[in-house]
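Working notes, beginning with the structure itself.
Numbering (our numbering), first residue to last: 18 to 288.
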């Protein structure tokens with residue numbers, strides 16, 4: 018049974034879990050490498066501001082989604098769902114880690130994908146136009162003026178934001194947001210937000226993202242080639258499996274307390 022004296026310990030546990038989950042999930046991930054590659058081409062502070070700002074927004078949205086779930090679904094079932102997610106992610110990471118040969122093949126593949134996304138985004142914004150095309154004044158091979166493609170609404174919104182925030186900031190923000198959406202860490206944040214205090218979970222994930230993003234823009238490419246991705250993956254797998262067992266245990270205890278007539282075990286014993 019929880020009491021008011023147990024609250025600081027519970028908050029610290031949620032904070033550490035959120036922080037550790039981000040650290041083990043994000044180092045060497047695609048969003049980590051996107052920030053690292055952009056920082057080699059553009060000012061580091063602007064890249065950090067764009068990528069970290071995107072991750073802050075993602076953390077708030079994910080934790081808020083998790084906070085809403087218990088109001089729609091009984092908390093016992095949200096705990097079971099969180100346990101299931103962490104056990105599945107942990108098992109998947111164990112398989113990924115065992116398939117790695119100790120090298121950095123996976124991180125090289127992630128780096129190639131990140132570079133392709135950045136190059137594709139540069140091409141969409143017109144940064145990859147050949148010099149010959151510029152000298153010809155936008156004419157095709159026959160000397161006739163080629164038709165410019167009609168800009169989309171998304172491109173117009175991006176150009177509008179670039180006018181005030183700068184193209185580098187917007188590029189880092191959008192690429193990071195798209196890379197993080199649906200990622201393992203986002204789903205894990207939703208699960209943590211459903212199980213713990215939403216503000217504590219948000220603070221832990223934001224601090225974790227800040228450390229990872231700062232490491233990425235300062236020396237991400239060097240770090241990504243030196244760390245053992247296999248060991249990081251297996252360490253993250255162990256952490257996720259541990260979370261799954263904890264939440265499953267809490268769900269069983271909660272179910273037992275409810276059978277004894279205690280409606281909300283978290284408030285039992287509070288004076």
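Don't be surprised by glycine CBs; every beta carbon is placed ideally from N, CA and C.
Within the present structure, is the beta-carbon of residue i separated from the nearest heavy atom of the ligand SAM by less than 7 Å?
i, result
"residue 232", "Annotation note on the ligand SAM: not contained in the displayed structure, which lists no ligands."
Can you check which of these residues, the options, is closest to residue i by C-alpha distance?
i, options, result
"residue 75", "97, 60, 226", "226"
"residue 266", "207, 98, 236", "98"
"residue 289", "216, 84, 46", "Any question about residue 289 goes unanswered here, given that the chain covers just 18 to 288."
"residue 184", "60, 33, 34, 44", "60"
"residue 131", "272, 41, 42, 53", "53"
"residue 116", "247, 187, 236, 27", "247"
"residue 5", "211, 205, 214", "A question about residue 5 goes unanswered here, because the residues of the chain that appear run from 18 up to 288."
"residue 32", "228, 214, 251, 235", "214"
"residue 81", "202, 207, 268, 223", "207"
Could you give the C-beta distance for residue i and residue j, rounded to a whole number, given that I count them as a contact under 8 Å?
i, j, result
"residue 233", "residue 49", "5 Å"
"residue 257", "residue 69", "About 24 Å separates the two Cβ atoms, so there is no contact after all."
Taking DSSP as the reference, what is the three-state secondary structure of residue i?
i, result
"residue 19", "Annotation note: pLDDT 42 at residue 19 (below 50); position unreliable, coordinate value reported separately. Three-state DSSP puts residue 19 in coil, outside helix and strand."
"residue 198", "coil"
"residue 45", "coil"
"residue 90", "coil"
"residue 226", "helix"
"residue 117", "coil"
"residue 183", "coil"
"residue 84", "helix"
"residue 248", "helix"
On the criterion of 16 or more Cβ atoms from any shown chain inside 10 Å, does residue i qualify as buried, or is it exposed?
i, result
"residue 89", "exposed"
"residue 199", "exposed"
"residue 29", "exposed"
"residue 160", "Bear in mind that the predicted position of residue 160 carries a pLDDT of just 49, short of 50, making it unreliable; the figure below should be weighed with that in mind. Classification of residue 160: exposed, given that the 10 Å Cβ count is below 16."
Inter-stretch contact (C-beta, 8 Å, three-pair minimum) for the segment 260-269 and the segment 93-106: yes
If we count Cβ pairs, one from each stretch, closer than 8 Å, do we get three or more for the segment 62-74 versus the segment 186-199? yes
Counting Cβ pairs closer than 8 Å, one from the segment 58-67 and one from the segment 208-220, do we hit at least three? no
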